[in-house]
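Sequences listed follow chains A and B, in order.
When the letters of the first sequence are read in order and numbered with the working numbering, they come out as residues 1 to 314.
When the letters of the second sequence are read in order and numbered with the working numbering, they come out as residues 1 to 346.
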Amino acid sequence: MIEAFEILFTASFWVAAIRIASPLIFATMGELICERAGVLNLGIEGIMVAGAFAGWLTVYLGGDLWTGVAIAAMAGAMFGLLHATLTVPLGLSQHVVGIGITLLATSLTYFTYRIVLPEVTSPPRIASFQPLPVPVLSEIPVLGPALFNQTPLTYLAFVTVGVVAWVLYRTPLGLAVRAAGENPSAVEAQGISVTAIRTGAVMAGSALMAVGGAFLTMSAFNSFFFEMINGRGWICIALVVFGSWRPGKALLGAILFAAFDAYQVRLQQITGGAVPYQLFLMMPFVLSILALVVMSRRAAYPKALMIPYQKGER
Amino acid sequence: MPDFPKNLKFFTPTRRSLLKTAGAGAVLAATAGLPTRLFAQEPLKVAAVYTVPFEQQWVSRIHIAANAAKDRGDIEYTATENVSNTDYERVMREYCEAGNKLILGEVFGVEQAARDVARDYPEVAFLMGSSFKEDAAVPNFAPFDNYIQDASYLTGLIAGAMTQSKNIGMVGGFPIPEVNRLMHAFMAGVRETAGDDAKFQVAFIGSWFDPPKAKETAFAQIDAGADILYAERFGVSDAAQERGVLAIGNVIDTQADYPETVVASALWHFEPTLDRAIEQVKAGSFTAEDYGVYSFMKEGGCSIAPLGTFEDKVPDEIKALVAEREAAIKDGSFTVEINDEEPKSS
Numbered sequence: 001m002i003e004a005f006e007i008l009f010t011a012s013f014w015v016a017a018i019r020i021a022s023p024l025i026f027a028t029m030g031e032l033i034c035e036r037a038g039v040l041n042l043g044i045e046g047i048m049v050a051g052a053f054a055g056w057l058t059v060y061l062g063g064d065l066w067t068g069v070a071i072a073a074m075a076g077a078m079f080g081l082l083h084a085t086l087t088v089p090l091g092l093s094q095h096v097v098g099i100g101i102t103l104l105a106t107s108l109t110y111f112t113y114r115i116v117l118p119e120v121t122s123p124p125r126i127a128s129f130q131p132l133p134v135p136v137l138s139e140i141p142v143l144g145p146a147l148f149n150q151t152p153l154t155y156l157a158f159v160t161v162g163v164v165a166w167v168l169y170r171t172p173l174g175l176a177v178r179a180a181g182e183n184p185s186a187v188e189a190q191g192i193s194v195t196a197i198r199t200g201a202v203m204a205g206s207a208l209m210a211v212g213g214a215f216l217t218m219s220a221f222n223s224f225f226f227e228m229i230n231g232r233g234w235i236c237i238a239l240v241v242f243g244s245w246r247p248g249k250a251l252l253g254a255i256l257f258a259a260f261d262a263y264q265v266r267l268q269q270i271t272g273g274a275v276p277y278q279l280f281l282m283m284p285f286v287l288s289i290l291a292l293v294v295m296s297r298r299a300a301y302p303k304a305l306m307i308p309y310q311k312g313e314r
Numbered sequence: 001m002p003d004f005p006k007n008l009k010f011f012t013p014t015r016r017s018l019l020k021t022a023g024a025g026a027v028l029a030a031t032a033g034l035p036t037r038l039f040a041q042e043p044l045k046v047a048a049v050y051t052v053p054f055e056q057q058w059v060s061r062i063h064i065a066a067n068a069a070k071d072r073g074d075i076e077y078t079a080t081e082n083v084s085n086t087d088y089e090r091v092m093r094e095y096c097e098a099g100n101k102l103i104l105g106e107v108f109g110v111e112q113a114a115r116d117v118a119r120d121y122p123e124v125a126f127l128m129g130s131s132f133k134e135d136a137a138v139p140n141f142a143p144f145d146n147y148i149q150d151a152s153y154l155t156g157l158i159a160g161a162m163t164q165s166k167n168i169g170m171v172g173g174f175p176i177p178e179v180n181r182l183m184h185a186f187m188a189g190v191r192e193t194a195g196d197d198a199k200f201q202v203a204f205i206g207s208w209f210d211p212p213k214a215k216e217t218a219f220a221q222i223d224a225g226a227d228i229l230y231a232e233r234f235g236v237s238d239a240a241q242e243r244g245v246l247a248i249g250n251v252i253d254t255q256a257d258y259p260e261t262v263v264a265s266a267l268w269h270f271e272p273t274l275d276r277a278i279e280q281v282k283a284g285s286f287t288a289e290d291y292g293v294y295s296f297m298k299e300g301g302c303s304i305a306p307l308g309t310f311e312d313k314v315p316d317e318i319k320a321l322v323a324e325r326e327a328a329i330k331d332g333s334f335t336v337e338i339n340d341e342e343p344k345s346s
């Protein structure tokens, strides 16, 4: 029993938690931007697949790692543009379009993968991002390695949260994005195009989702597998609700979920097989649902979320 | 029916005279064996339906064997990868309708539906990876699986000798018989050389394709003291390599990618299974028998990969023991136990 608590004080546990959280942080921030502008983006799962592949392929074909990240973001933005075109000016169902984008992005990714690599016996590897310890800070016990001995992409994930929070709450652009999700007519009354704001938000958000996917192939692992996103995108949709559409709380949610996940694999090893492994795999999800119930009771969702805006319509 | 027009020719002269009829009859009798021999030279139409990409370890072994048979000219081979279980039956039927005589695949998620398809196409032979045994009621459906417990056991002997902490980490996808029996055989080998007090950490990640998750799980086991990992999934050897511990490969040989990490691998060879099926279908005698046995070591269905970079690091007495057991398995004097139950941490 004591062992179960001791895990919580080991550096490797927290390192794992932050590492597992990183792709979720990117993608959750991406989804959050979309939803704050009033668009639910269910294309997230597919966009993460596309990003994972685009980033990895760029490096595999000889690009450097940061070029890979940029290409992944661009691929994500392109799917975002498609999503936004269908849901913003055309006002189509965001559920149907989102799921359509997920199916399109995953299939198109696999199609491209097969064209590029028709005959391989095992998926090729790339030289992925390596941990880059921050001097001095990474020496702090337990939390030092967790926060300051990670790959550059993890640092970027944390920077992204700061930037998203700052832009949303401290800049006129952020105000316009938030207003587009709450009261689009007010945005239009200011002479700002709701269509442009929402389209831009969906593209930027999708770019972040794609970088989240790229984290898995370029930092957490070093090769691309078709089903490796494995539902992480859907988790991020729940994390946005968990965070009450606020970047800081969503970050906490992502870390909490990842910590549960890192905890369950460690707990599995000390119970000696007395408890079925399925219960452990379930743990992060069950605990997240419980946390969601507690956290989101008073959450105020964006009032115009999922409501298409037609200029001049009353 | 390539032989049909040839037989027709013999009937035309028979109408002319009785004498010729007798002669033709003799020729016909002499050529009676011809159709089957002609048929045997025709490549057999084989189609495969896989639920995962060709790169997946398990499927890659089937794909390699099928391509080898194709290159020999024994079969015509077409295959579809990444077919979801919900779509599996449809693709099977399409291949049956397209005139394939032997369908290969893996029906772990569609056991009943696949057998229903087999019932609907009694003239087509089905050789399918399955967790169940053959059923006389579906005589054209034969199950196989990677029964490579012999090789897994031998890798266990090596792992048991190489571990210093006597703590072994094992990461699997799902606890299905195919995974379980190899883990048990491996554990039996470890216990023999490391002693009964060897500790096993067993974890399942609930996915076949989540290398980052497999890697995280492996990290957790290394943190808990494992110094050698049984790499059932992609991702485990990566964790071992990063932390400087050892790994044992499964189904495929990955030592080239992890030269300082992967000590030994249990390899699966699908060739004996497939070649037997091709031969049976061509002879018209394909029946529902258990093809699992053709993955056994004495049939050449599995082997232990060359130690390669670890040739000098594995103690000589262990190499001798492995060679001795290998010979005993091949001559039938030693049998590795088959245990399909879910393995538990100890």
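Backbone N, C-alpha and C define an ideal beta-carbon position, used for all residues, glycine too.
In this text the structure is predicted, and so the values were computed from the model without any measurement.
Buried or exposed (CB count within 10 angstroms, at least 16 for buried), residue i
| i | result |
| --- | --- |
| W58/B | buried |
| P259/B | exposed |
| I164/A | A small correction: the amino acid at residue 164/A is Val; Ile does not occupy that position in the sequence shown. With 16 or more Cβ atoms within 10 Å of its Cβ, V164/A is classed as buried. |
| M29/A | buried |
| I115/A | exposed |
| H95/A | exposed |
| V83/B | buried |
| F9/A | exposed |
| W166/A | exposed |
| R36/A | buried |
| P177/B | buried |
Straight-line gap, residue i to residue j (C-alpha atoms, nearest Å)
| i | j | result |
| --- | --- | --- |
| T254/B | R266/A | 26 Å |
| F200/B | Y121/B | 46 Å |
| A305/B | A264/B | 6 Å |
| F209/B | A179/A | 41 Å |
| I101/A | A47/B | 32 Å |
| Q310/A | A186/A | 13 Å |
| E216/B | A203/B | 11 Å |
| A231/B | A137/B | 38 Å |
| F270/B | Q149/B | 14 Å |
| L38/B | V49/B | Residue confidence is low: L38/B scores 47 on pLDDT, short of 50, so the model does not pin down where it sits. No coordinate-derived value is stated. |
| V124/B | V69/A | 49 Å |
| Q264/A | S131/B | 29 Å |
| Y147/B | A11/A | 41 Å |
| A304/A | A84/A | 15 Å |
| P123/A | E42/B | 35 Å |
| D261/A | F224/A | 22 Å |
| Q190/A | T171/A | 15 Å |
| T199/A | L92/A | 14 Å |
| T31/B | Y110/A | In this prediction, T31/B has a pLDDT of 47, which is less than 50 and means its spatial position is unreliable; what the coordinates show is noted afterwards. C-alpha separation (whole angstroms): 51 Å. |
| A79/B | S152/B | 29 Å |
| P247/A | T160/A | 10 Å |
Contacts that residue i makes with chain A (C-beta to C-beta distance below 9 Å)
| i | result |
| --- | --- |
| I252/B | T121 and S122 |
| D257/B | S122 and R125 |
Interface partners of residue i on chain A, CB under 7 Å
| i | result |
| --- | --- |
| D210/B | M228 and N230 |
| S207/B | N230 |
For residue j and residue i, believed in contact at Cβ under 8 Å, the rounded distance
| i | j | result |
| --- | --- | --- |
| L44/B | D74/B | 7 Å |
| M48/A | G233/A | 5 Å |
| I255/A | A73/A | Contact flag wrong, Cβ pair sits at about 23 Å. |
| G206/B | F174/B | 7 Å |
Chain B contact residues for residue i, given Cβ-Cβ distances below 7 Å
| i | result |
| --- | --- |
| Y277/A | A203 and F204 |
| L281/A | G206 |
| L216/A | P212 |
Cross-chain neighbours of residue i in chain B, by beta carbon under 8 Å
| i | result |
| --- | --- |
| F221/A | P211, P212, K215, G235 and D238 |
| F285/A | Simply none; closest approach about 11 Å. |
| R266/A | A220, D223 and A224 |
Any non-hydrogen atom of the ligand MN within 7 Å of residue i CB
| i | result |
| --- | --- |
| A247/B | Inclusion of the ligand MN in the displayed structure is not the case, the ligand content being empty and no account of it being possible. |
Interface partners of residue i on chain A, CB under 8 Å
| i | result |
| --- | --- |
| N82/B | Y110 and F226 |
Exercise. Scan the segment 212-227 of chain B for residues whose Cβ lies nearer than 8 Å to a Cβ of chain A and list them as they occur along the chain.
Key: Only P212, K213, K215, E216, T217, F219, A220, Q221, D223 and A224 from the segment 212-227 of chain B bring a Cβ to less than 8 Å from some Cβ of chain A.
Quiz item: In the segment 42-76 of chain A, which residues sit with their C-beta less than 9 Å from some C-beta in chain B, listed in chain order?
Solution: For the segment 42-76 of chain A, the set of positions with a beta-carbon nearer than 9 Å to some beta-carbon of chain B is empty.
Quiz item: At a Cβ cut of 7 Å, what residues of the segment 47-80 of chain B count as close to chain A, listed as they run along the chain?
Solution: Residues P53, E55 and S60.
Practice problem: For the segment 313-346 of chain B, enumerate the residues whose C-beta is nearer than 9 Å to any C-beta of chain A, in chain order. | Solution: E342, P343, K344, S345 and S346: these are the residues of the segment 313-346 of chain B whose beta carbon lies less than 9 Å from some beta carbon of chain A, given in chain order.
Quiz item: When Cβ atoms are compared, which residues of the segment 146-177 of chain B fall closer than 7 Å to chain A?
Solution: Those would be none; no residue qualifies.
Exercise. Anything in the segment 192-212 of chain A with a Cβ closer than 7 Å to a Cβ of chain B? List those residues in chain order, please.
Key: In summary, no residue of the segment 192-212 of chain A has a CB separated from any CB of chain B by less than 7 Å.
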